[in-house]
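Chemist: Numbering-wise (the working numbering), the sequence shown opens with residue 459 and increments by one. The C-beta atom is built at its ideal place from N, Cα and C for all residues, glycine as well. One structure coming up, written as structure tokens, with questions to follow.
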Amino acid sequence: MAYPTYHNLIGGQWLPAASGKTILNLNPANHADVVGAFPASAAEDVAHAVAAAKEAYVTWRLVPAPKRAEILVRAGALLQQRKEQYARDMTREMGKVLAETRGDVQEAIDEAFYVAGEGRRLFGHTTPSELPNKFAMSVRMPVGVVGLITPWNFPMAIPSWKLFPALVAGNTCVIKPATDTPLSTFNLVQTLVDAGLPPGVVNIVTGRGSTVGESLVEHPDVRAISFTGSSAVGSFVGQRAAATFKAVSLEMGGKNAQIVMNDANLELALDGALWGAFGTTGQRCTATSRILLQKGIAAEFTAKFVKRAKALKVGDGLDESVHVGPQVNAGQIETSAKYVEIALAEGARLLAGGHALTQGSYGHGCFFEPTIFAGVTPAMRIAREEVFGPVVSLIEFDSFEEAVRIANSIDYGLSTALYTKDVNRAFTAIRDLEAGITYINAPTIGAEVHLPFGGVKHTGNGHREGLGALDFFTTWKAVYVDYSDKLQRAQIDNAE
Ligand code: UN1
459 MAYPTYHNLI
469 GGQWLPAASG
479 KTILNLNPAN
489 HADVVGAFPA
499 SAAEDVAHAV
509 AAAKEAYVTW
519 RLVPAPKRAE
529 ILVRAGALLQ
539 QRKEQYARDM
549 TREMGKVLAE
559 TRGDVQEAID
569 EAFYVAGEGR
579 RLFGHTTPSE
589 LPNKFAMSVR
599 MPVGVVGLIT
609 PWNFPMAIPS
619 WKLFPALVAG
629 NTCVIKPATD
639 TPLSTFNLVQ
649 TLVDAGLPPG
659 VVNIVTGRGS
669 TVGESLVEHP
679 DVRAISFTGS
689 SAVGSFVGQR
699 AAATFKAVSL
709 EMGGKNAQIV
719 MNDANLELAL
729 DGALWGAFGT
739 TGQRCTATSR
749 ILLQKGIAAE
759 FTAKFVKRAK
769 ALKVGDGLDE
779 SVHVGPQVNA
789 GQIETSAKYV
799 EIALAEGARL
809 LAGGHALTQG
819 SYGHGCFFEP
829 TIFAGVTPAM
839 RIAREEVFGP
849 VVSLIEFDSF
859 EEAVRIANSI
869 DYGLSTALYT
879 KDVNRAFTAI
889 RDLEAGITYI
899 NAPTIGAEVH
909 LPFGGVKHTG
919 NGHREGLGAL
929 DFFTTWKAVY
939 VDYSDKLQRA
949 QIDNAE
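What follows is the structure, given as structure tokens:
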């Protein structure tokens, strides 16, 4: 079957990898469907792109921020026009159902309009000086050339979370999209180009993490790295980037708990659990992978949850009647299957799913059944380690305090949800759950772009996307203007 060949974007030109090598991008719902061939780039391609970004930085940093923001406004409008096509492209390369890929493009639209407003803010501070006739302020400066490494599960939204704030702040970028989903990044960057982004301001280099990602992290002219992916890779990125003193933002794994109290609206909690656990085929860092059930409702919740999970239709995400798309690649299927074995060996009870789907048309892609384990205890690996697939654990508890303890008893801290009608418990949970995000009576997934996104413990290294991204993509400059016409010594001349 004929398929298109895509090139890297470097300095405004579309170029193949210097080696000429490519990687095929396959549809995970049907491996016979080749989305395209993308450059299998290497260190020399990264060096070329960084040089282009460095050159573009000389002029881009001087473009007034409100003008930079106007490009984002135009890009947001173009994304609105192209939403359906880009959503279809995304489902084809990544698998998640159309309703969700439309949401992914929408998230990039929201981000464009949100961040564009920052073009006329980018607030700094003014503050009194301790000395007379002296003015003091702090202003936000761009960082320089920034490297962006993005995952396959939100292949347009997450690049937009990084690119747009980086751009409005005056940085130039080299982005390495996930090997499984480069097309959505191409589509996103194409809208920026069509919106008037000058050459070299954003460069795309596709290829593997072990070559392109590593070269970007090590390049001496890259001043900051923003990474979203697994904690294992993030730890490596952080350590390597430290060698050249880069700022590093790491957004990583989760093992997110939904807690359901006896007084919860049970149907609402079921809706939330089903969406949180099996939306995006469980492949969100915010996915619900532990459901903590208070004993009074555990039996009823479990029975209804299993029934509803078994009724979910798994299939090609382009089919509007499908609820759960494929996993992104064969490696993810292996991980899901491996954790089913681990859970069974640990003594968890399999109530639904547990297998890859291989019969009929399923055999052409990467499908896994929605899978539920009960009888899970907090110490089991299935209760502690991220699966990143449609596999969820049910854990029972007696008291609210015990639920909070269990929710917190893991290395991760991204998202949490509590279902209750008790406002006192809700606020106690908001205070005590160790997570970057807490939902009350809503599932663990569904973050909006203008709130801080990120987590604590092994989920992140303290930075936030959304509200907070500008703190990463700018650096503070303190400015003192002395209009006294004499030497004034701080801490000395005006001290008692
Ligand atoms: C992710 O899981 O990697 O909150 C990002 C959500 C989405 C973003 C998820 N808006 O679920």
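Provide the residue span of the alpha helix (DSSP H) that contains Gly692, from first to last.
Modeler: Ser689 to Ala700
Chemist: I'd like the span of the alpha helix (DSSP H) that includes Val560, first residue to last.
Modeler: Correcting the residue type first, residue 560 is Arg in the shown sequence and not Val. Start and end: Leu556 to Glu576.
Chemist: Among Leu650, Arg540, Arg666 and Asp568, which residue has its Cα nearest to the Cα of Ala498?
Modeler: Arg666
Chemist: Should Gly812 be counted as a contact of ligand 1 given a C-beta to heavy atom distance under 7 Å?
Modeler: no
Chemist: Cutting at 7 Å between CB atoms, please list the residues of its own chain near Ala788, excluding the five before and the five after it.
Modeler: Cys824
Chemist: Does the Cβ of Ala803 have 16 or more other Cβ atoms within 10 Å, making it buried, or fewer, making it exposed?
Modeler: exposed
Chemist: Near Ala495, what residues of its chain come up, given a Cβ to Cβ distance below 8 Å and the 5 sequence neighbours on each side ignored?
Modeler: Tyr461, Pro462, Thr463, Tyr464, Thr480, Ile481, Leu482 and Asn483, listed in sequence order.
Chemist: Just to confirm my understanding: we take Val721, look at its own chain, exclude 5 residues before and 5 after, and list those with CB closer than 7 Å. What are they?
Modeler: The residue you asked about is not Val; residue 721 is Asp in the sequence shown. Only residues of its own chain outside the window of five on either side were considered, and among them Thr878, Lys879 and Asp880 have a CB closer than 7 Å to the CB of Asp721, listed in chain order.
Chemist: Compute the minimum distance between the beta carbon of Ile567 and the heavy atoms of ligand 1, and state whether it is under 7 Å.
Modeler: no
Chemist: Could you check the C-alpha separation between Asp547 and Ile567 for me, to the nearest Å?
Modeler: Taking the Cα positions, Asp547 is about 16 Å away from Ile567.
Chemist: Note the first and the last residue of the continuous beta strand (DSSP E) segment covering Lys592.
Modeler: Lys592 to Pro600
Chemist: Would you say the region 748-755 touches the region 523-542, given that touching needs at least three Cβ pairs under 8 Å?
Modeler: no
Chemist: Leaving out five residues before and five after Ser642 in sequence, what residues of the same chain have Cβ atoms less than 6 Å from its Cβ?
Modeler: Met548, Pro613 and Met614
Chemist: Should Thr744 be counted as a contact of ligand 2 given a C-beta to heavy atom distance under 7 Å?
Modeler: For the structure depicted, ligand 2 is absent and the ligand set comprises only ligand 1.
Chemist: Based on the DSSP secondary-structure assignment, which residues constitute the bridge partners of Ala936?
Modeler: Ser596
Chemist: Report the rounded CA-to-CA distance for Gly740 versus Pro848, giving the unit in angstroms.
Modeler: For the pair Gly740 and Pro848, the Cα-to-Cα distance works out to about 4 Å.
Chemist: Give, in chain order, every unbroken run of the alpha helix (DSSP H) that is at least 4 residues long and sits entirely within the region 836-885.
Modeler: 858-866
Chemist: Do Gly904 and ligand 1 come close, with the Cβ less than 7 Å from some heavy atom?
Modeler: yes
Chemist: In this structure, how does DSSP classify Leu606 when only helix, strand and coil are distinguished?
Modeler: strand
Chemist: What residues are listed by DSSP as bridge partners for Thr630?
Modeler: Val603
Chemist: Quick check on Leu646: buried or exposed, where buried means 16 or more other Cβ atoms within 10 Å of its Cβ?
Modeler: buried
Chemist: Going by DSSP, which residues form a beta bridge with Ala410?
Modeler: Summary: the structure shown does not reach residue 410, with the chain confined to residues 459 through 954, and so no result is reported for it.
Chemist: State the CB to CB distance for the pair Thr917 and Ala832, rounded to an integer number of angstroms; the pair is presumed to be in contact (CB under 8 Å).
Modeler: So it is not a contact: roughly 26 Å between Cβ atoms.
Chemist: Counting only runs of 3+ residues fully inside the region 461-494, write out the beta strand (DSSP E) ranges in chain order.
Modeler: The region 461-494 contains these whole beta strand (DSSP E) runs: 466-468, 471-473 and 480-485.
Chemist: Among Leu556, Ala527 and Gly696, which one has its Cα closest to the Cα of Lys541?
Modeler: Of the listed residues, the one whose Cα sits closest to Lys541 is Leu556.
Chemist: So, does the CB of Leu641 fall closer than 8 Å to a CB anywhere in chain B?
Modeler: No chain B appears in the structure shown, which is made up of a single protein chain.
Chemist: The beta strand (DSSP E) that contains Phe685, what's its start and end?
Modeler: Ala682 to Thr686
Chemist: Whole-angstrom Cβ separation of Val780 and Lys768, contact assumed at under 8 Å?
Modeler: Rounded, the Cβ-Cβ distance is 15 Å, inconsistent with contact.
Chemist: Using 8 Å as the threshold, is the region 881-892 in touch with the region 673-688, meaning 3 or more CB pairs across them?
Modeler: no
Chemist: Using DSSP's beta-bridge definition, name the partner residues of Gln752.
Modeler: Phe855
Chemist: Apart from the five residues just before and just after Tyr515, which ones in its own chain have a Cβ nearer than 7 Å to its Cβ?
Modeler: Gly602, Val603 and Thr630
Chemist: Just tell me which of Pro600, Phe694, Lys713 and Thr932 has its CA closest to the CA of Ser668.
Modeler: Checked all of Pro600, Phe694, Lys713 and Thr932; the closest Cα to Ser668 is Phe694.
Chemist: Just the C-alpha distance for Gly628 and Glu799, rounded to the nearest angstrom, thanks.
Modeler: So the two alpha carbons sit approximately 49 Å from each other.
Chemist: Measuring from the CB of Asn645, is there a heavy atom of ligand 1 at a distance below 7 Å?
Modeler: no
Chemist: Is the Cβ-Cβ distance between Asn466 and Val663 less than 8 Å?
Modeler: yes
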